[in-house]
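From first to last, the protein sequence lines are chains A and B. If you count by numbering that gives the first Met the number 0, then the first sequence holds residues 0 to 77, one letter each, in order. If you count by numbering that gives the first Met the number 0, then the second sequence holds residues 0 to 338, one letter each, in order. Here a beta-carbon is modelled for each residue, glycine too, at the ideal position from N, C-alpha and C. Every value quoted in this text rests on a predicted model; they were computed, and no experiment measured them. Have a look at the structure below, then the notes.
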Amino acid sequence: MLLDIVVEMSAVAGLAVTATVDGNYSWPFVTLNAFQERASNARFLSGAIYLSINPIVNGNEELAAWEKYAQSDANSWM
Amino acid sequence: MFFPNISTEDLAAQDETGLNDFDNSIYSGRSFLTNQTVDPLHTFTEDGKPLPSQSPGPLYIPRWQTSPVLETSMANENLLEKKEVADLLLTSVESRAAVLGGFHSAPPGMPSDADVTTAFFATLESIFVRKEVQYLGDPMSHLAIPIFDSIDRQKRGQVVAILKATLNWQYYLKNILPGTDYGYHVVIKNGCDADGKNSFTYQVDGPEVIVLGFGDRHDRKFDQYREDGYFSKSNIRDGTTDGVSFDQSSCPYSFHVYPTQSDYDKYVTYFPMTIGLCIAGVFAFTIATFIFYDRLVERRQKIVLAKATQSTAIVSSLFVSQTKKEVLISHRFFGVTHR
């Protein structure tokens, strides 16, 4: 009776790959193009009610740079 | 650094479709530390009060892009300070695999609920189904999928980010049965939460799902009819050749399906016995009718035979042979037979 939930999760996993191959980024300073359209589709296919991309910030120097990035035009996705 | 094109389905687009109406504006308003679009790295107390990040580092995992976008100050919240997901994210980074966490739930309530987690889940569900709905207190699970800086088949690169998905199990059980098939208990169990909080029971009635509550609440009468399900795959397809590894060791899940009394009553009825008795009755009636008819015919035959024997005896005693023959023939002519 239960669906193959792992298969449904594929849509979300595919989004993670998109984040890798979409361009030559310098993580964690990355904001994906058209994330809402892609994520909405992945949510619809996977049944997930919420998705978030959470970059890993390593070290206090990188954190300072990250804080600058977060306050820049990069936050225009909101 | 990479700057995105402005999305056409961001907060403003959600506003146009009315989806943001579900957002808890009271909580959203007091969720910000500053008046900037994005707060500095921060965290929240259990009652939703924002605080500057208390983490000494060196590792931080700020929440960045989300879908849907909420008016609440979610961006740049350090998820490593959020106890429900911190271990999950670290496990995913260390194991370089997709990891499913334990149950995360809150008291039932509407998007306007005073409980921050309840309001958050109710808002997400309302946006998901595009109408305001109550969050029923059922558990969510978080799935963390690592994002690598390279997807080379031989060697995936470094884990640079985590994609986190929040799953509501209820939606995986909805709309999988036709309306005529009802009355199943589904118990979802995980191996990482404390006893009493590591299983949850749903009732599946056709396309609808009823939330029954924490614990294994199936009817013990139907233990023997249990059907089990597990995640049998060790990787999740993601469009690459090998997919991403799916590590279940930290929190294995199992799914158990049981029939219920209503399902039992649907199939175990007096109907087959009634039909059987009706058919047996028809046979019995037919046999009785046959026996009755046979008796009637036999009785008639005996009477005829007795009469014929009597007639033969009378004729034999009165006439000579030739005359007897003629009398008997004339007797036959009137339809009387004898042996």
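Using a Cβ-Cβ cut-off of 8 Å, state whether V16 (chain A) counts as contacting chain B. yes
Just checking: is the beta-carbon of L2 (chain A) within a distance shorter than 8 Å of some beta-carbon in chain B? The predicted model places L2 (chain A) with a pLDDT of 47, which falls under 50 and marks its position as unreliable, so this point remains unresolved.
Around the C-beta of K220 (chain B), are 16 or more other C-beta atoms found within 10 angstroms, so that it is buried, or is it exposed? exposed
So is Y65 (chain B) in contact with chain A if we call contact Cβ pairs under 8 Å? Here residue 65 (chain B) is Thr; the residue named in the question, Tyr, does not match the sequence. Chain A contact via Cβ: present.
Near P258 (chain B), which residues of its chain fall below 6 Å by C-beta distance, leaving aside the five closest residues on each side in sequence? F221 and Y224
Name the chain B residues that come within less than 7 Å of A47 (chain A), Cβ to Cβ? Simply A164, T165 and L166.
Residues of the region 114-129 of chain B with a CB closer than 7 Å to any CB of chain A: list them in chain order, please. Cβ contacts with chain A: L123, E124 and F127.
Could you check if E124 (chain B) is buried or exposed, using at least 16 other CB atoms within 10 Å of its CB as the buried criterion? Its Cβ being crowded by 16 or more others within 10 Å, E124 (chain B) is buried.
Considering only residues of the same chain and omitting the five flanking positions on each side of I248 (chain B), which have a CB-CB separation below 7 Å? Strictly speaking, residue 248 (chain B) in this sequence is Ser, with Ile absent from that position. Within the same chain, S248 (chain B) has no close Cβ partners at all.
Closest Cβ-Cβ distance between A69 (chain A) and chain B: below 8 Å? By the rule that beta-carbons nearer than 8 Å mark a contact, A69 (chain A) touches chain B.
Does L50 (chain A) come within less than 8 Å of chain B when only Cβ atoms are used? Cβ-Cβ to chain B under 8 Å: yes for L50 (chain A).
Under 7 Å between beta-carbons, which chain A residues line up against N75 (chain B)? List them in chain order, please. A69
Give the straight-line distance between the Cα atoms of S27 (chain B) and S198 (chain B), rounded to the nearest whole angstrom. 32 Å
Going along chain A in order, which residues have a C-beta closer than 7 Å to the C-beta of P57 (chain B)? N57, G58 and N59
Within 8 Å, do at least three Cβ pairs link the region 61-81 of chain B to the region 46-55 of chain A? Three or more beta-carbon pairs separated by less than 8 Å link the region 46-55 of chain A to the region 61-81 of chain B, which places the two stretches in contact.
If we ignore side chains and look at the alpha-carbon of each, how far apart do S316 (chain B) and Q309 (chain B) end up? 11 Å
Could you compute how far the alpha carbon of I161 (chain B) sits from the alpha carbon of S140 (chain B)? Spanning the two alpha carbons is a distance of roughly 15 Å.
Residues in the same chain with beta-carbon distance under 6 Å from V92 (chain B), minus the five sequence neighbours each way, listed in chain order, please. V158
Along chain B, in chain order, which residues have C-beta atoms closer than 8 Å to that of L62 (chain A)? L40, G56 and Y59
Taking 6 Å as the limit between beta carbons, can you name the residues of its chain near G339 (chain B), skipping five residues before and five after? Not covered by the structure: residue 339 (chain B). The range shown for chain B is 0 to 338.
Would you say L50 (chain B) faces chain A, with C-beta separation under 8 Å as the test? Judged by the 8 Å Cβ criterion, L50 (chain B) is not in contact with chain A.
Can you give me the Cβ contacts of F34 (chain A) inside the same chain, cut-off strictly under 8 Å, excluding the 5 residues immediately before and after it? I52 and W76
Rounded to the nearest angstrom, what separates N40 (chain A) and Q169 (chain B) at their Cα positions? 19 Å
Is it the case that the Cβ atoms of G205 (chain B) and D180 (chain B) are separated by a distance below 8 Å? yes
Would L58 (chain B) pass as a contact of N57 (chain A) if the rule is Cβ separation under 8 Å? yes
Taking just the CA atoms, how far does D194 (chain B) sit from H103 (chain B)? 14 Å
CB-CB under 6 Å to C191 (chain B), same chain, minus the five flanking residues each way: which ones, in chain order? G101 and C250
Can you give me the C-alpha to C-alpha distance between E66 (chain A) and F31 (chain B), rounded to a whole angstrom? 16 Å
A47 (chain A) versus T268 (chain B) - alpha carbon distance: 41 Å
Nearest neighbour of P106 (chain B), chosen from B:P138, B:R216 and B:G275 [CA to CA]: B:P138
For V128 (chain B), is the classification buried or exposed, using 16 other Cβ atoms within 10 angstroms of its Cβ as the cut-off for buried? exposed
F291 (chain B) burial status per 10 Å Cβ neighbour count (16 or more: buried): exposed
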